[in-house]
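K.L.:
Residue numbers (the working numbering), protein chains in the order written: chain R, 70 to 320; chain D, 70 to 320.
Ideal placement from N, C-alpha and C gives every residue a C-beta, glycine not left out.
For clarity, every value in this text was computed on a predicted model and none was experimentally measured.
1. In this structure, how does DSSP classify residue 190 of chain R when only helix, strand and coil are distinguished?
2. Do the segment 104 to 116 of chain D and the segment 193 to 210 of chain D meet, that is, are 3 or more Cβ pairs less than 8 Å apart?
3. Determine, using beta carbons only, whether residue 247 of chain R and residue 79 of chain R come nearer to each other than 9 Å.
4. Along the chain, where does the alpha helix (DSSP H) containing residue 272 of chain D start, and where does it finish?
5. Since residue 117 of chain R sits in a beta bridge, which residues does DSSP pair it with?
6. What residues of chain R sit near residue 99 of chain D, judged by a beta carbon separation below 8 Å?
7. If I follow the unbroken alpha helix (DSSP H) through residue 205 of chain D, where does it start and stop?
8. For the segment 300 to 319 of chain D, which residues have a CB atom closer than 7 Å to at least one CB atom of chain R, in sequence order?
9. Pull up the DSSP beta-bridge partners for residue 227 of chain R, would you.
10. Buried or exposed for residue 232 of chain D, please, with buried defined as at least 16 other CB atoms from any protein chain shown within 10 angstroms of its CB.
11. Would residue 144 of chain D pass as a contact of residue 229 of chain D if the rule is Cβ separation under 9 Å?
12. For residue 169 of chain R, which residues from the same chain have a beta carbon less than 8 Å from its beta carbon, with the 5 sequence-adjacent residues on both sides left out?
13. Kindly indicate which residue of R/191, R/121, R/106, R/194 has the alpha-carbon position closest to the one of residue 175 of chain R.
14. Taking 8 Å as the cut-off, does the segment 152 to 169 of chain R touch the segment 284 to 294 of chain D (at least 3 CB pairs, one atom from each stretch)?
15. If the cut-off is 9 Å on Cβ atoms, which residues from the segment 187 to 201 of chain R count as contacting chain D, listed in chain order?
16. Could you check where the alpha helix (DSSP H) with residue 164 of chain D kicks off and where it finishes?
17. Cβ closer than 8 Å: which chain R residues qualify as neighbours of residue 116 of chain D?
18. Would the segment 255 to 275 of chain D and the segment 137 to 157 of chain R be scored as touching if the rule is three or more Cβ pairs under 8 Å?
19. Tell me which same chain residues have a C-beta within less than 7 Å of the C-beta of residue 120 of chain D, skipping the five on either side of it?
20. Comparing the C-beta of residue 209 of chain R with each C-beta of chain D, is any distance below 9 Å?
21. Between the C-alpha atoms of residue 103 of chain R and residue 183 of chain R, what's the straight-line distance to the nearest angstrom?
22. Below 8 Å on the Cβ atoms is my contact criterion, and I expect residue 185 of chain R with residue 185 of chain D to pass it. Report the Cβ-Cβ distance as a whole number of Å.
23. Apart from the five residues on each side of it in sequence, which residues of its chain come closer than 6 Å, Cβ to Cβ, to residue 277 of chain D?
24. In chain order, what residues of the same chain have a beta carbon less than 8 Å from the beta carbon of residue 196 of chain R, not counting five sequence neighbours either side?
25. Name the DSSP beta bridge partners of residue 244 of chain R, please?
26. For a cutoff of 9 Å on Cβ pairs, would you count residue 83 of chain R as touching chain D?
27. Would you tell me roughly how many angstroms separate the C-alpha atoms of residue 135 of chain R and residue 76 of chain D, rounded to the nearest one?
28. Could you list which residues in chain D have their beta carbon closer than 7 Å to that of residue 171 of chain R, in chain order?
29. Pull out every residue of the segment 113 to 145 of chain R whose Cβ sits closer than 8 Å to any Cβ of chain D, in chain order.
30. Let me see if you follow: with CB-CB separation under 9 Å, is residue 329 of chain R close to chain D or not?
31. Compare the Cα-Cα distances from residue 110 of chain R to each of D/130, D/199, D/109 and report the closest residue.
32. Measure the beta-carbon distance from residue 307 of chain R to residue 181 of chain D and round it to whole angstroms, keeping in mind my assumption that it falls under 8 Å.
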């Protein structure tokens, strides 16, 4: 499938058939993810493939019971991983210095770029994907379930399977809402009104406001979907797993 | 161009022609990047396009004088950005709760997935790209140069231009070095030897060892390229810019 077409037609799929993914296709998708850029070609990430029903059931519990995990045949957990690299260093008379925040972030970038390659490759085979944002909320518990050792932190989760729905493309902010030339041009009140106008005018926004009994779409985000108290709680949890996995020795 | 082919043929380009990128192609690339998944479709990232010579010269200084920035016509800086979303919330009677680490990481994920879409789209048009890892080292200075306000942190930089070299595909670790089934299977000493064997046997590895007068490739990484003292120094800097931009109120 044409690359730009694949990219432009992405939609997250939230209903899946239970059709298995042929092994050779899954392999090609994973191998396409390996080709993503990584810092210094260190490839400091790992991909954990969950296919067994029992394991997906446990992941489903941890990911706030999102049924996509039970429907789709494969869940992929992308982890920042310096464990393998550290072991290699130690076996080769080199002292690894990767127990700090920069190294965590470097490894997270590797994992995320690989994940996006994986998503695109899957879509090019007619598969659907959805990222599960719950992975960063529950990274500590997911790490425990998947037996991640020191140096390994889950940072992205993809469900992959054959779509059982054909959703419309979702809205995006206009070009001028995202792109800045030469320097960041901060937004005036009018800019903000213009950038969010289309999103606010969507029929589904009206429906959301009705169901949630709120006045603005921003309130639905800030009060319901991504509320401060949850963000603060999960910030602590996520920082804790980063520390517990040995990435916070910054002195 | 076929998607899998685009993904499988990626190589980072480090020499560029100064041929400009036609405006309509640059626009298509950026628009392809907007289609990447983002948390809750919030699109909490911005892309800063640097094309002016003077600006690229300043970026070149900050990015450790990597000449790619001077050669290629476009440098793109992808920023985690809650500034726009926060302003929208405030204009819509909603109290944003995004001044914490989880929100930073959420926004960084958005920025990185968009960056990878951008890289792939560019390559599908015959352009070359290279990620500059220096962005996380110098994020504070780059933010200052690009006038990033509170809520905005540079997390990925891509140079984009027409390639002036045709490098070979670089090596990757074997499948079993990256992929785990059901749970993370930690590596034995033999596993590590096997996983890194091919990389260690490359002719360029022999050359690197000779030039650096070191015994193992791992020592080149751990002592020269990505040494502990640098990682620790840049960890502090990066955590500081995350805090300075208002993302460390986790209580």
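P.N.:
To lay it out plainly:
1. helix
2. no
3. no
4. 272 to 281
5. R/146, D/249
6. 244, 247, 248
7. 203 to 206
8. 300, 301, 303, 304, 305, 307, 308, 319
9. R/145, R/200
10. buried
11. yes
12. 316, 317, 318, 319
13. R/106
14. yes
15. 188, 189, 190, 192, 193, 194, 198, 199, 200
16. Here residue 164 of chain D belongs to no alpha helix (DSSP H), and DSSP marks it neither H nor E.
17. 247, 248, 249
18. yes
19. 142, 143
20. no
21. 6 Å
22. 4 Å
23. 289
24. 90, 94, 98, 229, 230, 231, 232
25. According to DSSP, residue 244 of chain R bridges with nothing at all.
26. no
27. 30 Å
28. 205, 300, 303, 304, 307
29. 114, 115, 116, 117, 118, 119, 120, 121, 124
30. The requested residue 329 of chain R is not part of the displayed model; chain R covers only 70 to 320.
31. D/199
32. So it is not a contact: roughly 16 Å between Cβ atoms.
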